[in-house]
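A.B. asks: Residue numbers (the working numbering): 2 to 271. The following block contains the structure, expressed as C-alpha cells.
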C-alpha cells in the first residue's frame, strides 16, 4: 500500500501531454524548476543553454501557481509550449512537489530521451559537456544519479530556518547522502524507479534530501561529479564545467553566454 498518494489528474493546470505531444526521441531532457515570477530567467535559458544546435535537446519548465500571475503564464505556455504548471502555490516549501510531479509525469508518459538533467533556473549549463559525461557514466540499464553529492549532512532543527525539519518528520541525526537538486543527471530507467519509490517514502519538504532518501531506500546509486559546482565559477572555465549556479538575473546569463562565445571565437582563430 503506497504511503503517499499523488493524483496526477488534478495537480496540473493543463495536461503535461500537451507539452510533449510533438516529442520525438531526444538525447537530453532538461527539467528546469522555476518560480512562476521568473519569466525573464526562463526566456534567457531558451535563448542560451536551453537551445543547443549540436544536440537533440528539449527543455521544460516546472512552475507553481500564483493567482495574480497565472494569466501571464498562460500566454507564455501557449507561445513556447514548454511550461508545466502545478495547481500548487509557488513557494519554497512546495519545491519538492515540482520534482516529485515532474518525475511522476515523465514516468507515466514514458518520455523517449537518453538522459534527464534536473536543473534550477539560476544555473549556467554546458549542455555538450553534460551529455558527454552522461554517455561516459550512465548506461541505459543503470539506475544511477550523477551530480554534486552531499554526505553526512544534519537536519536543521532551528524553527526559524526555511530548512527546518522536526524530529517527528525526520528523527535521525544525519540525512542520507543526496545530490543537490539543481545537478541531478540520470536516465529514464532511474526516473521510473524514483517514481515508484516516491510513493513509498515519507515526504519531507527539502527536495534534494527527499530524493536522496528515495534513492537510498530503493538502492539507486548516487555518484559525485566535480563538474557540477555548488557555487558560481568564472566563465573562462566554461569549457571544463557541467553547470554553475548564481545566475539570479536574466541579463547576467545572457551577458555571460555572449562572452563565452566571444572567447570561443577568439580561441578558434588562434
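Think of the CB as a built atom: it goes at the ideal place given N, C-alpha and C, for glycine as much as any other residue. In this text, all values refer to a predicted model and were calculated from it rather than measured experimentally.
(1) So residue 145 packs on residue 29, CB below 8 Å; how close in whole Å?
(2) Since residue 31 is in the beta strand (DSSP E), which residue starts that stretch and which ends it?
(3) Three Cβ pairs or more, each shorter than 8 Å: is that satisfied between the stretch 165–179 and the stretch 96–116?
(4) Drop a sphere of 10 angstroms on the beta-carbon of residue 250, count the other beta-carbons inside from all chains shown, and report buried for 16 or more, exposed for fewer.
(5) Do residue 184 and residue 219 have their C-beta atoms within less than 9 Å of each other?
(6) Which class does residue 101 belong to by DSSP, given the choice of helix, strand or coil?
(7) Is it a yes or a no for the stretch 61–69 touching the stretch 30–46, going by three-plus beta-carbon pairs under 8 Å?
(8) Express the C-alpha separation of residue 56 and residue 264 in angstroms, rounding to a whole number.
(9) Nearest-angstrom Cα distance between residue 213 and residue 154?
(10) What is the DSSP secondary structure of residue 81, counted as helix, strand or coil?
(11) Skipping 5 residues on each side, what residues in its chain have a beta carbon closer than 7 Å to that of residue 208?
(12) In terms of alpha-carbon separation, which member of 7, 27, 254, 221 lies closest to residue 115?
(13) Just to check my reading of the structure: residue 127 and residue 242 have Cβ atoms closer than 8 Å, yes? What is that Cβ distance to the nearest angstrom?
(14) What distance in whole Å lies between the Cβ atoms of residue 117 and residue 192, which are believed to be in contact at a cut-off of 8 Å?
(15) What separation, rounded to the nearest whole angstrom, lies between the Cα atoms of residue 76 and residue 172?
(16) Give me the Cα-Cα distance between residue 199 and residue 104, rounded to the nearest whole angstrom.
(17) Once you ignore the five residues that flank residue 187 on each side, which residues in its own chain have a CB closer than 6 Å to its CB?
(18) What span of residues does the beta strand (DSSP E) with residue 62 cover, start to end?
C.D. replies: Here's the rundown:
(1) Residue mapping note: residue 145 aligns to position 144 of the chain shown, counting from 1. Residue mapping note: residue 29 aligns to position 28 of the chain shown, counting from 1. At roughly 16 Å, the Cβ-Cβ gap does not stay under 8 Å, so residue 145 and residue 29 are not in contact.
(2) Locating residue 31 in the chain shown gives position 30, counting from the first residue. Where residue 31 is concerned, the enclosing beta strand (DSSP E) stretches over 27–34.
(3) no
(4) Here residue 250 is taken as the residue at index 249 of the chain shown, counted from 1. Exposed: under 16 other Cβ atoms inside 10 Å.
(5) Residue mapping note: residue 184 aligns to position 183 of the chain shown, counting from 1. Residue mapping note: residue 219 aligns to position 218 of the chain shown, counting from 1. No, Cβ-Cβ distance for residue 184 and residue 219 is not below 9 Å.
(6) Working through the chain shown from its first residue, we reach residue 101 at position 100. Correct three-state label for residue 101: helix.
(7) yes
(8) Mapped onto the chain shown, residue 264 falls at position 263. Mapped onto the chain shown, residue 56 falls at position 55. Computed Cα separation, rounded: 21 Å.
(9) On the chain shown, position 212 is the one that residue 213 refers to. On the chain shown, position 153 is the one that residue 154 refers to. When rounded, the distance between both Cα atoms is 12 Å.
(10) On the chain shown, residue 81 is found 80 positions in, with the first residue counted as 1. Of the three classes helix, strand and coil, the one that applies to residue 81 here is helix, per DSSP.
(11) Numbered from its first residue, the chain shown carries residue 208 at position 207. Taken in chain order, the residues that qualify are 96, 97, 100, 182.
(12) Working through the chain shown from its first residue, we reach residue 115 at position 114. Ranking the options by Cα distance to residue 115, first place goes to 27.
(13) Against the chain shown, residue 127 aligns to sequence position 126. Against the chain shown, residue 242 aligns to sequence position 241. Right, the Cβ-Cβ distance comes to about 6 Å (below 8 Å), so this counts as a contact.
(14) Position 191 of the chain shown, counted from the first residue, corresponds to residue 192. Position 116 of the chain shown, counted from the first residue, corresponds to residue 117. Their Cβ separation, rounded to whole angstroms, is 6 Å, which keeps residue 192 and residue 117 in contact under 8 Å.
(15) Here residue 76 is taken as the residue at index 75 of the chain shown, counted from 1. Here residue 172 is taken as the residue at index 171 of the chain shown, counted from 1. Distance between the alpha carbons of residue 76 and residue 172 is about 44 Å.
(16) Counted from its first residue, the chain shown places residue 199 at position 198. Counted from its first residue, the chain shown places residue 104 at position 103. Rounded to the nearest angstrom, the two C-alpha atoms are 9 Å apart.
(17) The count along the chain shown starts at 1 and reaches residue 187 at position 186. Excluding the 5 residues flanking it on each side, residue 187 has same chain C-beta neighbours closer than 6 Å at 117, 146, in chain order.
(18) Walking along the chain shown from the start, residue 62 turns up at place 61. Judged by DSSP secondary structure, residue 62 falls within the beta strand (DSSP E) whose first and last residues are 58–66.
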